[in-house]
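Chains as they are written, first to last, in this note's numbering: chain S, 1 to 345; chain H, 1 to 345; chain L, 1 to 345.
All C-beta atoms, glycine included, are put in the ideal place defined by N, C-alpha and C.
Down below is the structure, laid out as structure tokens.
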Amino acid sequence: MPALGTLAAALGLELQGDPDCEIRALADLDSATTDDLSFVSEKKHLGKLSQTSAGAVILHPDWSDRWQGNALLSDVPYVSYARATVLFDNHPVPSGRVDSRAFVADDVKVGARVTVDPGACVEPGASLGDRVWIGAGAYIGHGAVIGSDTVIKPGAVICHAVIIGERCMIHSNATIGADGFGFAPGSDGWVKIEQLASVIIGDDVEVGANSAVDRGALQDTVVGDGAIIDNMVQIAHGASIGSRTAIAAQAGISGSTRVGARCFIAGQAGMAGHLTIADDVHIGGQGRVASSVTEPGHYSSGTPIQPLRAWLRSASRFTQLDQMARRIAELEKLAGLDSEEGDSA
Amino acid sequence: MPALGTLAAALGLELQGDPDCEIRALADLDSATTDDLSFVSEKKHLGKLSQTSAGAVILHPDWSDRWQGNALLSDVPYVSYARATVLFDNHPVPSGRVDSRAFVADDVKVGARVTVDPGACVEPGASLGDRVWIGAGAYIGHGAVIGSDTVIKPGAVICHAVIIGERCMIHSNATIGADGFGFAPGSDGWVKIEQLASVIIGDDVEVGANSAVDRGALQDTVVGDGAIIDNMVQIAHGASIGSRTAIAAQAGISGSTRVGARCFIAGQAGMAGHLTIADDVHIGGQGRVASSVTEPGHYSSGTPIQPLRAWLRSASRFTQLDQMARRIAELEKLAGLDSEEGDSA
Amino acid sequence: MPALGTLAAALGLELQGDPDCEIRALADLDSATTDDLSFVSEKKHLGKLSQTSAGAVILHPDWSDRWQGNALLSDVPYVSYARATVLFDNHPVPSGRVDSRAFVADDVKVGARVTVDPGACVEPGASLGDRVWIGAGAYIGHGAVIGSDTVIKPGAVICHAVIIGERCMIHSNATIGADGFGFAPGSDGWVKIEQLASVIIGDDVEVGANSAVDRGALQDTVVGDGAIIDNMVQIAHGASIGSRTAIAAQAGISGSTRVGARCFIAGQAGMAGHLTIADDVHIGGQGRVASSVTEPGHYSSGTPIQPLRAWLRSASRFTQLDQMARRIAELEKLAGLDSEEGDSA
């Protein structure tokens, strides 16, 4: 159990209160007990401070009058909370060695203190940077390059010639570098287009469980530095994802689409192929992005859930919308109003 | 080939007809032959009885005058059919032993008649209950607990400290306990929030192929007893799924959302984070759940498919809906009608 | 580096220009350099020919007056490009042998020049046709049949009794033959319906990474010859997919739905269960298919993204659509117009 003063020093934060207070764990305000460190990340949660039992709280200096207990003062409390999680991290640690039950080809370039766990397979020509960790049963294809300090979790598959940067984490059962979905319509059926390019993933990228980033046909698929990708995200061949862009679960980016930097793509959103999305674009959940987006900002699509019977009426009327608009225009004409149809054609 | 009388006894059902009739297999009414057992689960299918060649049929006693052949009478014919499938089950059976080509750490607690197949990896500190079956190439992380009679199918990944109850089935390539998607926006990019909590899965839970249930940051992600989860479902960190809730394929539940008991979430539905969904809520396919649902019932969203040209008109008009409503209000004012705009603002 | 004349011969195309021109690689028109072969697949791209540095171009004979350089003339330039990718293919090649670190049951039927890579597991009773390639860590269940020249990529799982045709490719972490999502509502919770049937996949089928094709309850799930399936596609139990149908990423086909031949199902589209979709139907991205489609053609659903505030207004009005339609009808009555409500009820 670290003392609060030790945590303050490790996080570089000013401490108010008792430096010897021992902290057992991190907890949110609602569930924290007297030996927990908690945090307030948004002003709207300040009201919870009067109820919490937390032994100490990370909060903004401007809010310190709202809390009489032990505090760590941070201009960015949520970031300080994130850094604190590292101090309490309970994930297993790598062994720093290649397990004898792993399958590593003779010519693989293995950096310092590399871990390869049982059942993992690393094919000829691959290269593993220093402190790389290849989890149990993971697969690293021929000639793939894994940058230093990158972790490939159990069951993840990295196909041939894929390049992954430093400090990345590829979660379990993700597939990086499978063939893009490319076929030409031949007279006897689909003719496969061999996907000759690869995938290049930058530094500090996280790819979630069961996600897929396909290799390109002629152009590499690219994920920029610091991008974060959630579970079951599909990134198709030749797409590029800008630096620090976040893509939530089950979203899909079609082939050759270029997503800018610092975008946020919410869950289950989908983008058609060959689009260009500007920097700093936010797409709402299930967003249907069928054309390029040139201006930063928040965009959304879809309709809200309604009780079933009400929805059936709305959905039925949706198919009559054009007729309804024409009827309004007709009424406007009769009433001597200028129809606004001109605007809306 | 069991005799019909044997099946009646095994299923605890009343038999009408020939107990010695030999049954080869189960089949639906349309394809059943004279040595098949079939079933009628809904009144609307009774008409098919006159056409079927089935050697015997499971049906409700109230419907027995509609069928002169061999019958097994059940108050719940569909449930009786389900129980009958167990009698005809043709899945491979476990060996009851730890294969020498599996990788099982020395300190793993291994129950009675546990099966661990080739290439599976069970990390230190894990615990496998009686009759647990770990499929080929599956992964059980450090300290994970797998309850008795649970089956982890080939290629599934159970991360460290995850707790899974009894009689569960986790299908192939599912990932339980990968890091939740938690990052704080630092000045130099995203700062990872270590996911310190875990996943707790109750008893009698099924998780489909290629699904993911992420571990929580500070609060465990919880799946209640008897919940059933289809393929490619995403359950994000800190979410909780109530008992006996069913979630169909490709649906997604965002972080910290609490889904009640006995809900039915249809395919590709999506829920935003931090919502509360009452018990007995049904969400239709592709439902867009952006706010909490407090009342049980059926909800839906979205629009129906239309031929492309008609849809283009509808979709275009959708973006003009507010303008259309205002134009109707203007006409109502001109006509001396009370505008209903007040209700709809 | 092959000479252009050699390529022309291999592709069966007429050459215009220098047969000795050496070709290093394939490239698109924008990025091609003087030792690259490029292609024009659509008339609308002919304008790029004046800018490209390509050493040679595949194009339609009708367009040859637009290009003075080296050319390969093809009536189907995109198909010829696809065939050319095979000539430049850089994928790893199979070893043609069963690795000693693979787990292959004694009674497995192994064809000529079969490759089984390290960590793969092939269960008893399975059959591998000639030149089959089972990637590292892949799983082939009891009695499964893999046709000649089929490739099962690393980490893919083929469950028991599944039948896969010839020349198929099943990408990494795909799951073929997991249990369909079948449960009956018992008084004490869900009662599992054992999925007794299997999956039958035809010849020349491709299944993308992290996709799932579930086994049927009583009827096999069927994927027809030449169908192509992208990543993270869900095909539920008892569904059938027609020959040469293409299904893009993250689309979902529910149980017992029958999709015709030569359909194109775009990304994230979803189909309810027990539907019949005609041949030659195209469903747009995120299409919501809740009823059968009897006529070939293009169909779409959903709404386009809008800037957030505009969308909030549209979405809110969507829930008032029925009321709006009734107000229009009322105005029409007042104005002495025949209401069109009759059509739209």
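Residues in its own chain within less than 6 Å of residue i by CB, not counting five upstream and five downstream?
i, result
"residue 294 (chain S)", "278"
"residue 8 (chain L)", "15, 72"
"residue 222 (chain H)", "200, 240"
Check whether chain H comes within 9 Å of residue i, counting only Cβ atoms and requiring the distance to be less than that.
i, result
"residue 194 (chain L)", "yes"
"residue 337 (chain S)", "yes"
"residue 110 (chain L)", "no"
"residue 239 (chain L)", "no"
"residue 190 (chain L)", "yes"
"residue 118 (chain S)", "yes"
"residue 92 (chain S)", "yes"
Round the Cβ separation of residue i and residue j to the nearest angstrom and send it over; I've been treating them as touching at under 8 Å.
i, j, result
"residue 139 (chain L)", "residue 168 (chain L)", "Not confirmed; about 16 Å, so no contact."
"residue 29 (chain L)", "residue 56 (chain L)", "Actually they are not in contact, since the Cβ atoms of residue 29 (chain L) and residue 56 (chain L) sit about 12 Å apart, beyond 8 Å."
"residue 11 (chain S)", "residue 84 (chain S)", "6 Å"
"residue 241 (chain S)", "residue 207 (chain S)", "Not confirmed; about 10 Å, so no contact."
"residue 300 (chain H)", "residue 267 (chain S)", "Between residue 267 (chain S) and residue 300 (chain H) the Cβ distance is about 19 Å, and since that is not below 8 Å, they are no contact."
"residue 143 (chain S)", "residue 125 (chain S)", "4 Å"
For residue i, collect the residues of the same chain with a Cβ closer than 7 Å to its Cβ; drop the 5 residues on either side in sequence, then sort them by chain order.
i, result
"residue 88 (chain H)", "25, 26"
"residue 66 (chain H)", "46, 49"
"residue 99 (chain L)", "116, 117, 118"
"residue 322 (chain S)", "none"
"residue 63 (chain L)", "40, 46"
"residue 193 (chain L)", "182, 183, 184, 217"
"residue 328 (chain S)", "none"
"residue 220 (chain S)", "197, 198, 199, 200"
Residues bridged to residue i by DSSP?
i, result
"residue 179 (chain H)", "H:215"
"residue 67 (chain H)", "Beta-bridge pairing links residue 67 (chain H) to no other residue."
"residue 299 (chain S)", "S:283, L:307"
"residue 15 (chain L)", "L:72"
"residue 185 (chain S)", "S:190"
"residue 139 (chain H)", "H:121, H:157"
"residue 246 (chain S)", "S:228, S:264"
Output yes if chain S places a C-beta closer than 9 Å to the C-beta of residue i; else output no.
i, result
"residue 324 (chain H)", "yes"
"residue 232 (chain L)", "yes"
"residue 103 (chain H)", "yes"
"residue 283 (chain H)", "yes"
"residue 360 (chain H)", "No answer is possible for residue 360 (chain H): it lies beyond the span of chain H, which begins at 1 and ends at 345."
"residue 286 (chain H)", "yes"
"residue 179 (chain H)", "yes"
"residue 115 (chain H)", "no"
"residue 331 (chain L)", "yes"
"residue 205 (chain H)", "no"
Leaving aside the five residues before and after residue i along the sequence, list all residues of the same chain whose C-beta is less than 8 Å from its C-beta, in chain order.
i, result
"residue 212 (chain S)", "174, 175, 176, 178, 233, 234, 235"
"residue 243 (chain L)", "202, 224, 225, 226, 227, 261, 262"
"residue 346 (chain S)", "In the structure as shown, chain S begins at 1 and stops at 345. Residue 346 (chain S) is therefore absent and cannot be evaluated."
"residue 1 (chain H)", "22, 23, 24, 35"
Checking contacts by CB at 9 Å: is residue i closer than that to chain A?
i, result
"residue 171 (chain S)", "This model lacks chain A altogether, as its protein chains are S, H and L."
Does residue i come within less than 9 Å of chain L when only Cβ atoms are used?
i, result
"residue 274 (chain S)", "no"
"residue 183 (chain S)", "yes"
"residue 268 (chain H)", "yes"
"residue 328 (chain H)", "yes"
With respect to 8 Å, is the separation between the Cβ of residue i and the closest non-hydrogen atom of the ligand MG below this value?
i, result
"residue 110 (chain S)", "The ligand content of the structure shown is nil, which means the ligand MG is not present either."
Output needed in chain order: residues of the segment 127–155 of chain H with a Cβ under 9 Å from some Cβ in chain S.
Hits within the stretch, in order: 137, 138, 139, 141, 142, 143, 155.
Under 9 Å, CB to CB, which of the residues in the segment 245–262 of chain H have a partner in chain L?
Flagged, chain order: 246, 248, 249, 250.
Where the segment 20–54 of chain S meets chain L: residues whose CB sits under 8 Å from a CB there:
Using a CB distance below 8 Å, no part of the segment 20–54 of chain S faces chain L.
Between the segment 207–225 of chain H and chain L, which residues of the former have a C-beta closer than 7 Å to a C-beta of the latter?
Answer set for the segment 207–225 of chain H: 208, 209, 210.
Return the residues of the segment 292–322 of chain S that lie within a Cβ-Cβ distance of less than 9 Å from chain L, sorted by chain order.
For the segment 292–322 of chain S, the beta-carbon criterion of a distance under 9 Å to any beta-carbon of chain L is satisfied by 293, 295, 297, 298, 299, 300, 301, 302, 303, 304, 306, 310, 311, 313, 314, 315, 316, 317, 318, 319, 320, 321.
Can you list, in chain order, the residues of the segment 75–87 of chain H whose Cβ is nearer than 8 Å to any Cβ on chain L?
Those residues of the segment 75–87 of chain H that come within reach of chain L (Cβ to Cβ, closer than 8 Å) are 76, 78, 79, 81, 82, 83, 85, 86.
Listed in chain order, which residues of the segment 2–18 of chain L have Cβ atoms closer than 9 Å to some Cβ of chain H?
Within the segment 2–18 of chain L, no residue has its Cβ closer than 9 Å to any Cβ of chain H.
Please name the residues in the segment 157–168 of chain H whose beta-carbon is closer than 9 Å to at least one beta-carbon of chain S, in chain order.
With the criterion set as a beta carbon lying under 9 Å from some beta carbon of chain S, the members of the segment 157–168 of chain H are 157, 159, 160, 161, in sequence order.
What are the residues in the segment 55–70 of chain H lying within 7 Å of chain L by C-beta distance?
Residues: none.
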